[in-house]
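Trainee: Got a structure for you, written out below as C-alpha cells; questions coming shortly.
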Amino acid sequence: CFKGAESLGFRGQLTLDFPAILLFEEHECSVFYDFNEQHKIIGEDLTDYFEPIYKSDAEFIIVFLDRNYPRKLWTNFESDKFKERFGEHAVIPIIFKGCEPTQFDKLANIGYLSFDPEKEQSEQIKSIADIIVKKLDEKRRNEPS
C-alpha cells in the first residue's frame, strides 16, 4: 500500500521477511506492512486505522490470496474496504498455486501474479517485486505533473 508517500501494502497469509521489503525500498517504494507498524497499531481501533489505507491512501494494495484468505474474519474486512479499488487498478492479486480463479470468480478478468509456496520463495518474491516496481514506475511516469 502507499499511505501518503508510501506505495505498497501487503495483505494475506504470507509473511514477508525484511529482505523482501528491502527489495521494494531499494526502488524508492515506501512499504506499509502492518507487521512493521505494530508500534503504531497497538491500542488503536484497527478498523479506523486500516480503513483509509485500504480505501484511498495506498497507491497499490498487494494481496496474497491462499485458500484461507476468504475464510478469515480480518481478511473479509480488508477485502471489503479495498474491493472498490479494483476499478482503479490499485489491487494487485498474488494468487497461490491451487487457488487460481475460475470463470465464475470475480478475479477471473483481473490480471494477477502467481505464487507457489512449494517452490523457493525468495526468487518468486524478487520476481514479483520487480514486476510491481515496473508497474509503479509506469504509473508514476504517466501521471500528470
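Following the working numbering, the numbering of the sequence shown begins with 45 at its first residue and continues without gaps.
Ideal Cβ placement from N, Cα and C applies to all residues, glycine included.
Does the segment 74-87 come close enough to the segment 158-170 that 3 or more CB-CB pairs lie under 8 Å?
Mentor: no
Trainee: Can you look up Ile-154 in the DSSP assignment and give me helix, strand or coil?
Mentor: Annotated three-state conformation of Ile-154 is coil, per DSSP.
Trainee: Going along the chain, which residues of its own chain have a beta-carbon closer than 8 Å to the beta-carbon of Glu-182, five neighbours each way excluded?
Mentor: none
Trainee: May I ask you to report which of helix, strand or coil DSSP gives Ile-86?
Mentor: coil
Trainee: Look at Ile-105 and Val-75 and say whether their C-beta atoms are less than 8 Å apart.
Mentor: no
Trainee: Assign Phe-68 to one of three DSSP states: helix, strand, or coil.
Mentor: helix
Trainee: Using a Cβ-Cβ cutoff of less than 7 Å, which residues in the same chain neighbour Cys-143 once the five nearest sequence positions on both sides are dropped?
Mentor: Leu-109, Asp-110 and Arg-111
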